[in-house]
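Protein chains in written order, with the numbering used here: chain A, 1 to 453; chain B, 454 to 705. For each residue, glycine too, the CB sits at the ideal point set by N, CA and C. Before any comments, here is the structure.
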Amino acid sequence: MDLIIFSCRARLSGFFRHKKLQRVSLMALGILMAFFYSWVFSFLLQKAHGDNFIPGVEQTLEYANLFLLAIIILKGFFPAYVPKAEIIQRIFPVGPLQKFKTEFLVELVSPFYFILLNFLLFLFLMSPAYTLVHFLQSVLVLLTAHVTLRSLQVFVERKIRWTHSHFISAAVMAGAFIALQVRVPMFKPSEDWLMLIVHMAALGFFVCSNYFLEKAATEPRRKVVTYSDNSRRSLGWRLFKNHKLAKQMLIFGLAFKVIILAIDALSLSKAGEHIFEKSVSLWLFVGPLVIYSYVFNNIWGFYRNLWLTVERANGKAKDFVKASLVPLRVPLLLDAVITAAYVAVFNHEQALFIVAMYMGAVLVLTPLGLISSFVSPKAVKGGVFSFSAKASYLFNFLAIILFGMLFLPLIHPLLYLVYPLLIGGVLFALVAVMREYPKYKYKLFETLYKAEA
Amino acid sequence: MSIEINELSKAFGRKNVLQNLSLTVEQGQCYCLLGKNGVGKSTFLNCILDLIQPDAGRVALFGKDYRNHSLEVKQNLGALCEDNPLIEEFTGLEYLTFVSKLYNLSAADAEERINSLTNYFFTDREALHKNIAGYSTGMKKKVGIAAAILHKPQVLILDEPFTGLDPIAAQLLVQLIRSYSTPNRVVLISSHDLNYVEKVATHIGVLNDGQLMYNGSVQEFTMNGENLIDQALFQLLLPHHNTETNIDWMLN
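The structure is reproduced here in C-alpha cells:
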C-alpha cells in the first residue's frame, strides 16, 4: 500500500512540477469543459424526461457511457499511440499481483481521468435523472475502458505466449466477461442494484483477464527496422515500409478508418441511410485525419534524422520541405485510395463534398504542418491533434479550427467559399515562414537533438 | 559459483544471436563482456536478467533459477539495463526512493544510501529535484547506476555503464565498481570502453557469432600485460584485417 500511495503522489506531483501555470490552466479548462458537457447532458436529460424528446433518457445516458468508453480507448491510439506505462520494471523483485495492482492504480492517477470523473460528478449533481446507480455504472464503464486499453497495449507491445496456461486463463476470464455482458452491456443504463453487481462481477473477470494476459506476455516486441533492399522502390515507400512502429500505427489508423467507413456502408445497405447523417463527428474519418495525426506531424519523431541529413547536405528550405513531404506520400496515397473507393462505391451523393474536403484538408494541413515544424519545432510524438506536452498547443488548436472549418459547407454550399481563403492563407504563411528558415533552423536543431528532454 | 549459464540459445527470426552459450562467473570476479556491435551482448545480459526468454538453456544465480525462485533471485540482483528505463515523471530522488521501496528497504536505510550515492555522483543536487525527463543521458545513467546498487545486490549487472558519462563520473564509477567487487559478490559488465574495462575487469569474455570466443582472466587475455586489452581484442577478432587497403580512397 505504501508503494502505491508513494507512486501515486510522485506521479501527481510530477504532472505539475514543470510548466505549472500551463498545466494548471489546462486542468482548469478541462474541468470547465467537463462542467459544460455535463450541463449539456443534464439539459438533454431534462428535455427527454419532460417531453417525448428523442433521444430518450435511457438513450442519452447510454450515449454518455459510450462517449466515456470511446474517448478512453481512442485516447490510447489517437492522435498517436501511447505506450503502456511500465512503472515497475521486470528486474525488480515484485510479485506479478503487486506489480499489476500498483501499475493499474497509478495509471488511473491522471488529469485525464480526473476530468472525466468530474464530468460524471457534475452530471450526478445537476441531473436528477442521473442517479447514484447510474453514476456508479459509469465509473464501471470508465474502468472497463481502461482495462480494454491496457489489454490492447499489451497485445501491441509484447510477445504473447499463446499456448501458455496464463493466456488460456486470460481467454477464459475474457469469455466470462463477454458472457455476462452480451445480454445487458454495461453501457446500457439500469437503475437496478442487482445489475450493478452483475456488471461489477463482469469487470472483475475482465480485470483478472488483463492480469493473466500480462503474465502471458513476455519480452517487448523488437522495434526492428526491416530494410527494403529493393533499390527501385522510392525513398517514400522505403521510409514507410522500414519503420516498423510508424507502419504499425499507420496500419492501425487506416484499419480504424476502414472499419468506420464499413459500418457506414453497412448502415447504408441495411437501413438505407449513412451513419454520418446521425453522427456528424464521424465525418472526420472521411478526411485524411489519420495521416495527419499519425504520420505527418510525427515526422520529427520518426524521421528527424532525414532532416539532419538534408540540412548537412545543403541546408536549403526547399529541400527541408521536400524531406518533410517524402514520408507523407505513400501513407497519403493509401488513405486517398481508401477514401476514393468508399466514395465511388457507397457515397456518390456526397462525392463533391468529400473530394473537396479531402483536397482542402491536404492543402491546408500540409502547409500548416510545415509551418509548425518551422516555427514551433518539437520532437513530436503525438500528432497535430495531440495534446501531449511535446506538441505545440497553438498549432494543435489552429489545426483543429482550420480542419473544422472545412466542414462548413455541410451547413450551406455557399460556404465552399471559405476553402480558397483557408488554402491561400496557409500557403501565404508558409512562404513567409520559409524565408525565415535560415534563422529558425538552429532552433529546430536544438529542439530535435539537444533539448529533446 | 554465482552465475551459471548452460547451453543458452536465442534467435531473432532467422538470426541465431546466442548459440549454446555456457558460462560460469564465480564470486569475487568482475567479468567484462566484450565484442563487436550487434553480436548479442545485451541479449545475453537480458537473458540473464530474465527480460528476454531464451529459446533454450538455463540461467541460475547462486544455484537458483527464475522459474522457481524468481523473487529471491531478483532480490539479490541489481542491474543497469541498456535502455535504462526510468520513470520520467519522477524526480531522481523520487525514483530512487521508489526503487528502495521495491526492494523493501527501511526508510532510514533508504535515506542514508540515497544520500550517500547521490552525494557521490551528483555535484548539482538541485537537479535531483527535477523531473527525470529533463536529465541528460549521463545524469539518467547515474540515477540508473545508483538504483542498481541501492540494495547491495550480490550480483551486479551493468550494460554499457560508461557510455554517456563524463570522464569524472566514469572515473567515479570505476572506483565504485572496484570497491563493490568484494569476494562474495559478482559484477558482470558489458562495455566498449576498454580504458575503463582495463581498470575494473578481473575476467574477460569475448562474444562473437553467438558464442564465447574467449573466456578467461585479464592477465591471460593480455598475455600478462604484454598487450593492451584493445590490441588483444583486435588480434582476436580481426587477426588478418588490413585497414589500409580499405581506405585507400581517402588518401588521395
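message = For residue 127 of chain A, which residues in the same chain have their Cβ closer than 6 Å to its Cβ, ignoring the five residues on either side in sequence?
response = The sequence position of residue 127 of chain A within the first sequence is 127, counting from 1. Only 42 and 45 meet the Cβ criterion.
query = chain A beta carbons: is any one of them nearer than 8 Å to that of residue 664 of chain B?
reply = Here the question's residue 664 of chain B lines up with position 211 in the second sequence. No, no contact with chain A.
Alpha carbon of residue 249 of chain A to alpha carbon of residue 360 of chain A, nearest angstrom = Here residue 249 of chain A refers to the residue found at position 249 of the first sequence. Here residue 360 of chain A refers to the residue found at position 360 of the first sequence. Approximately 24 Å, taken between the alpha carbons.
task = Please classify residue 538 of chain B: does DSSP put it in a helix, a strand, or coil?
result = As a working mapping, residue 538 of chain B is identified with position 85 in the second sequence. Here residue 538 of chain B sits in coil by DSSP.
query = Should the stretch 83-97 of chain A be regarded as contacting the stretch 500-510 of chain B, the criterion being three or more beta carbon pairs within less than 8 Å?
reply = yes
ask   = Taking Cβ positions only, does residue 667 of chain B come closer than 8 Å to chain A?
value = In the second sequence, residue 667 of chain B corresponds to position 214, counting from 1. Not closer than 8 Å to any Cβ of chain A, the Cβ of residue 667 of chain B fails to qualify, so no.
query = If you measure from the beta carbon of residue 14 of chain A to each beta carbon in chain B, is any gap under 8 Å?
reply = Within the first sequence, numbered from 1, the residue matching residue 14 of chain A stands at position 14. It does: the Cβ of residue 14 of chain A has a partner Cβ on chain B nearer than 8 Å.
query = Should residue 436 of chain A go down as buried or exposed, given a rule of 16 or more other Cβ atoms within 10 Å for buried?
reply = Counted from its first residue, the first sequence places residue 436 of chain A at position 436. Burial call: exposed.
query = Any beta-carbon of chain B closer than 8 Å to the one on residue 61 of chain A?
reply = To locate residue 61 of chain A, count along the first sequence from 1; it is residue 61. Taking Cβ atoms only, chain B never reaches closer than 8 Å to residue 61 of chain A, which makes this a no.
query = Where do the ends of the alpha helix (DSSP H) carrying residue 220 of chain A lie?
reply = Within the first sequence, numbered from 1, the residue matching residue 220 of chain A stands at position 220. No alpha helix (DSSP H) contains residue 220 of chain A, which is instead part of the beta strand (DSSP E) from 217-220.
request  = Leaving out five residues on either side along the sequence, give the residues of the same chain with a beta carbon under 6 Å from the beta carbon of residue 315 of chain A.
outcome  = Along the first sequence, one-based indexing puts residue 315 of chain A at 315. Closer than 6 Å at Cβ, skipping near neighbours: no residue.
key: Assigned secondary structure, residue 464 of chain B (DSSP; H/G/I helix, E/B strand, else coil)   = One-based indexing of the second sequence puts residue 464 of chain B at position 11. Three-state DSSP puts residue 464 of chain B in a strand.
request  = Put residue 63 of chain A into one of helix, strand or coil per three-state DSSP.
outcome  = Position 63 of the first sequence, counting from 1, holds the residue named residue 63 of chain A. Of the three classes helix, strand and coil, the one that applies to residue 63 of chain A here is helix, per DSSP.
ask   = With DSSP run on the structure shown, which of helix, strand or coil describes residue 495 of chain A?
value = The question about residue 495 of chain A has no answer, for chain A in this structure spans 1 to 453.
query = Interface residues of chain B around residue 90 of chain A at Cβ under 7 Å?
reply = By one-based count along the first sequence, residue 90 of chain A stands at place 90. Per Cβ cutoff of 7 Å: 503 and 504.
message = Nearest by alpha-carbon distance to residue 320 of chain A: which of A/369, A/163, A/260 and A/400 is it?
response = As a position in the first sequence, residue 320 of chain A is number 320, starting the count at 1. Checked all of A/369, A/163, A/260 and A/400; the closest Cα to residue 320 of chain A is A/369.
query = So who's on the other strand from residue 670 of chain B, going by DSSP bridges?
reply = The residue you call residue 670 of chain B lines up with position 217 of the second sequence. Note: residue 670 of chain B sits in a beta bridge opposite B/656.
request  = At 9 Å on the CB atoms, spell out the chain B contacts of residue 95 of chain A, in chain order.
outcome  = In the first sequence, residue 95 of chain A corresponds to position 95, counting from 1. By Cβ distance, chain B contributes 523 and 524.
task = Please decide whether residue 680 of chain B counts as near chain A, where near means a Cβ-Cβ distance under 8 Å.
result = The residue labelled residue 680 of chain B in the question sits at position 227 within the second sequence. No, residue 680 of chain B does not count as interfacial toward chain A.
request  = Could you list which residues in chain B have their beta carbon closer than 7 Å to that of residue 218 of chain A, in chain order?
outcome  = Within the first sequence, the letter at position 218 stands for residue 218 of chain A. For residue 218 of chain A, the residues of chain B that pass the 7 Å Cβ criterion are 506, in the order they occur in the chain.
ask   = So, using beta-carbon positions, are residue 188 of chain A and residue 311 of chain A closer together than 8 Å?
value = Sequence index remark: in the first sequence, residue 188 of chain A carries index 188 (1-based). Sequence index remark: in the first sequence, residue 311 of chain A carries index 311 (1-based). For the pair residue 188 of chain A and residue 311 of chain A, the CB atoms are not nearer than the 8 Å cut-off.
task = Closer than 8 Å, Cβ to Cβ, to anything on chain B: give me those residues from the stretch 391-418 of chain A, in chain order.
result = none
inquiry  = Is there a Cβ of chain A sitting closer than 8 Å to that of residue 473 of chain B, yes or no?
reply    = For this step, residue 473 of chain B is matched to residue 20 along the second sequence. Answer no: the Cβ-Cβ gap between residue 473 of chain B and chain A never drops below 8 Å.
task = Could you spell out where the alpha helix (DSSP H) holding residue 91 of chain A opens and where it closes?
result = Position 91 of the first sequence, counting from 1, holds the residue named residue 91 of chain A. For residue 91 of chain A, there is no enclosing alpha helix (DSSP H), as DSSP gives it neither H nor E.
inquiry  = According to DSSP, simplified to helix, strand and coil, what is residue 700 of chain B?
reply    = Reading the second sequence from its first residue, position 247 is the one you call residue 700 of chain B. It is coil, neither helix nor strand.
request  = Express the C-alpha separation of residue 545 of chain B and residue 580 of chain B in angstroms, rounding to a whole number.
outcome  = As a position in the second sequence, residue 580 of chain B is number 127, starting the count at 1. As a position in the second sequence, residue 545 of chain B is number 92, starting the count at 1. Residue 580 of chain B and residue 545 of chain B: Cα-Cα distance of roughly 8 Å.
Bounding residues of the beta strand (DSSP E) (the contiguous stretch that carries residue 531 of chain B) = For the purposes of this step, residue 531 of chain B is identified with residue 78 of the second sequence, where counting begins at 1. First-last of the beta strand (DSSP E) with residue 531 of chain B: 530-533.
ask   = What are the boundary residues of the alpha helix (DSSP H) that includes residue 641 of chain B?
value = Taking the second sequence and counting its residues from 1, one reaches residue 641 of chain B at position 188. Residue 641 of chain B -> not in any alpha helix (DSSP H); beta strand (DSSP E) instead, spanning 639-643.
query = What first and last residue would you give for the alpha helix (DSSP H) that runs through residue 113 of chain A?
reply = Indexing the first sequence from 1 puts residue 113 of chain A at position 113. That run of the alpha helix (DSSP H) goes 111-126.
message = With three or more beta-carbon pairs closer than 8 Å as the criterion, would you say the stretch 467-475 of chain B touches the stretch 640-658 of chain B?
response = no
query = Does the Cβ of residue 608 of chain B have 16 or more other Cβ atoms within 10 Å, making it buried, or fewer, making it exposed?
reply = As a position in the second sequence, residue 608 of chain B is number 155, starting the count at 1. The residue is buried, with at least 16 neighbouring Cβ atoms inside 10 Å.
inquiry  = Are the CB atoms of residue 343 of chain A and residue 351 of chain A within a distance shorter than 8 Å?
reply    = The residue you call residue 351 of chain A lines up with position 351 of the first sequence. The residue you call residue 343 of chain A lines up with position 343 of the first sequence. Yes.
query = Of all Cβ atoms in chain C, is any one closer than 8 Å to the Cβ of residue 164 of chain A?
reply = Absent here is chain C; the protein component of the structure consists of chains A and B.
task = Note down, in chain order, every chain A residue with its Cβ under 9 Å from the Cβ of residue 534 of chain B.
result = Translated into the one-based positions of the second sequence, residue 534 of chain B becomes position 81. Neighbours of residue 534 of chain B across chain A, judged by C-beta separation under 9 Å: 89 and 91.
inquiry  = Which runs of the beta strand (DSSP E) at least 3 residues long sit entirely within the stretch 582-630 of chain B? Give them in chain order.
reply    = 608-612
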